[in-house]
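S.K.: Got a structure here, written out as structure tokens. Questions coming.
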Amino acid sequence: MLVKSVTMISWELDPFHTRGGTAYAIRRLADQLTGLGIETRVLLPDCLDARPGKNVTPLLRPILLNMPPEIDRASRGVQCSEFCRAALEVVEQITASAGSDAVVAHSLEGAMFIVLRSGRRSAEPSVFWLHSLYDPPLSDLSKDHRQLLPLRTLLASAVTMADIVVTSAGILQDAREFEWPDRLKELQKALTAASKEQRVLTVESMGCLPEVSKDSQNRIIQYSNLEHLKSVPTPYVLFPGRPSVDKGLGIFAAIAERLRAENIACVAVQRPAQRAELENPSRNASIYWLPWLTQDELAVAMRNAACTVLPSITEGFGLAAAESICQGVTTLYQKVGGHHGLQARPNALPVPLTTTERAHLYGLWSELFGSPDYWSVWARYEITLRPLVDKWVEAIRSVVYRPNAGRARIQNADFPEWSVDERWGNKLRRRIEVGTSV
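Numbering (the numbering used here), first residue to last: -16 to 421.
Structural data, given as structure tokens:
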């Protein structure tokens, strides 16, 4: 069977609705599929930041689903459930008319679609793409939807019920090497079971990256948000991830406190609308904050840094680290989740992480989503993770103070290209063509 058409269920798609890196990843996947001549429909909620018509090729078809006006005030779980209910109706219409060779539901927002569709007669496989380990509390779901779940969590249920599950080899490695905390145990069991049943397709971050311009510049453009870099002392290290505790901001803040005495500046990028918990002065006093940057501006900020640092608590694929590495920037990271796949890449420097420390990070991740106060959760783990912060500080010092620090760059032209066969779109197409049983 040749794949000619794919339907995707996604809450985000750059540039129509962008809340984080997932929007860019799904857009790049869609572009890879359309580049293979595959018609790609993307079902999106109509509460979008932009409207279709911008940067859309003939084979890419965003379809807006009408959402109730009050959905913005509902819990995240209710939002996802309502979105998936509307998506199921449209997918059934597509199946009855034009047809589709596969339906791909992305992340937690698409997980309920897999559950709702399970058991219905359909020729095309259901693919669940696991971008993150965040599993919303079941109390967020309606009673009717909770009764449909075969397991105690939404993500675990979607993994169990999908024909194909897509994740990174690093997530599977973590699932096999240490025990996950209670909130994640069902998901851990579901992933390992799906792997044994050969229902898992693994893809890595490098297979989702855009081509890097060979003539890109490091110059700070006048009248742009990059002008704020002129007031930042050098050398500086950059945290290019989303600025929140669940993405490693607590660890970065602890690193910044330690490096202040070393005269090494720590820089992070604010969200477009900074959230209240990020304004806590006791946690961010040592961080230099830049305003929101475009992708091109962020690349310049990375290339002018002594190094980028990604002390992630966990990672689905580790796209931020992969993008930094591909810019030729020295990139320090922790080998958790998708970051496992970065080894042996030029300029990628892992900070040593024990299995016990990985387990502590997963425990921190689990507790963060059971508490409204992220910083109080981090405070309970800060002493336990202090030896890890020590290793980060030493690793950064060794990079900043080495000879020619910040000037030795691997040029884009010299960066080994990722195999075309490893691109997300190519791997997904081949797996669908092979079938759900491998």
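Positions of the beta carbon are idealized from the N, C-alpha and C atoms, including for glycine.
For the beta strand (DSSP E) holding Val417, just list the boundary residues, first then last.
M.R.: First-last for Val417: 407 to 417, but that is the alpha helix (DSSP H), not the beta strand (DSSP E).
S.K.: Go through the region 27 to 85 residue by residue and report every complete run of the beta strand (DSSP E) that reaches 3 residues or more, in order.
M.R.: Here the runs fully enclosed are 43 to 48.
S.K.: Using a Cβ-based criterion (distance less than 7 Å to any ligand heavy atom), does Gly3 qualify as near the ligand MG?
M.R.: What this structure holds is no ligand at all, so the ligand MG is not there to describe.
S.K.: Tell me which residue opens and which closes the alpha helix (DSSP H) that Pro370 is part of.
M.R.: From DSSP, the alpha helix (DSSP H) with Pro370 extends over 369 to 383.
S.K.: Considering only C-alpha positions, which residue in the set Pro223, Leu332, Glu298, Ile247 is nearest to Arg429?
M.R.: Look at the range of the chain in this structure, -16 to 421, and you will see that residue 429 is not part of it.
S.K.: With a Cβ-Cβ cutoff of 8 Å, do Ser178 and Gly324 count as a contact?
M.R.: Not closer than 8 Å, so no.
S.K.: Would you say the region 47 to 62 touches the region 78 to 85, given that touching needs at least three Cβ pairs under 8 Å?
M.R.: Because the criterion of three Cβ pairs below 8 Å is not met, the region 47 to 62 and the region 78 to 85 do not touch.
S.K.: Which of the three DSSP states is assigned to Gly389 in this structure?
M.R.: Annotation note: pLDDT 49 at Gly389 (below 50); position unreliable, no value reported.
S.K.: I need the straight-line Cα distance from Ser101 to Arg412, nearest angstrom please.
M.R.: About 22 Å.
S.K.: Given a cut-off of 8 Å on the beta-carbon distance, is the pair Leu113 and Gly408 in contact?
M.R.: It is not a contact, given that the beta carbons lie outside the stated cut-off.
S.K.: Would you report the Cα separation of Ala145 and Glu240, rounded to the nearest angstrom?
M.R.: One C-alpha to the other measures close to 45 Å.
S.K.: My output table needs one value for Val319: the three-state DSSP class, helix, strand or coil.
M.R.: Note: Val319 maps to coil in three-state DSSP.
S.K.: In this structure, does DSSP put Glu(-5) in helix, strand or coil?
M.R.: The answer is coil: DSSP assigns Glu(-5) none of H, G, I, E or B.
S.K.: Which residues in the same chain have their Cβ closer than 8 Å to the Cβ of Pro274, if we skip the five residues on either side of it in sequence?
M.R.: Asn208, His211, Val252, Gln253, listed in sequence order.
S.K.: Given Arg390, which residues of its chain have a CB within under 7 Å of its CB, disregarding the five upstream and five downstream residues?
M.R.: Note on Arg390: pLDDT 46, under 50, position unreliable in the model; the coordinate value appears next. Taken in chain order, the list of residues that qualify is empty.
S.K.: Inspect the beta-carbon positions of Leu427 and Leu71 and report whether they are closer than 8 Å.
M.R.: This structure leaves residue 427 out entirely; the chain is present only between -16 and 421.
S.K.: So, helix, strand or coil for Ile270, using DSSP?
M.R.: Here Ile270 sits in strand by DSSP.
S.K.: Nearest by alpha-carbon distance to Leu12: which of Glu405, Gly418, Val417 is it?
M.R.: For the residues Glu405, Gly418, Val417, the minimum Cα distance to Leu12 belongs to Glu405.
S.K.: Mind reading off the beta-carbon distance from Leu315 to Val382? Whole number of angstroms is fine, and I expect it under 8 Å.
M.R.: That belief holds up - the Cβ atoms of Leu315 and Val382 are roughly 7 Å apart, short of 8 Å.
S.K.: Would you give the residue range spanned by the beta strand (DSSP E) that Ala13 belongs to?
M.R.: Where Ala13 is concerned, there is no enclosing beta strand (DSSP E), although the alpha helix (DSSP H) it sits in stretches over 4 to 18.
S.K.: Ser115 by DSSP, collapsed to three states: which one?
M.R.: Residue state, collapsed to three classes: coil.
S.K.: Going by DSSP in three states, Ile147 sits in which element: helix, strand or coil?
M.R.: Strand at Ile147.
S.K.: Under the rule that 16 or more other beta-carbon atoms within 10 Å means buried, what is Pro264, buried or exposed?
M.R.: At Pro264 the pLDDT is 44, less than 50, meaning the model places this residue with poor confidence and gives no usable figure here.
S.K.: Under a three-way DSSP split, which group does Phe235 fall into?
M.R.: Here Phe235 sits in helix by DSSP.
S.K.: Please classify Arg286: does DSSP put it in a helix, a strand, or coil?
M.R.: It is helical.
S.K.: Assuming Leu26 contacts Val228 (C-beta within less than 8 Å), just tell me the rounded distance between them.
M.R.: 31 Å between Cβ atoms; not a contact.
S.K.: When the distance is taken between beta carbons, is Thr297 closer than 8 Å to Tyr345?
M.R.: Result yes, Cβ atoms of Tyr345 and Thr297 sit closer than 8 Å.
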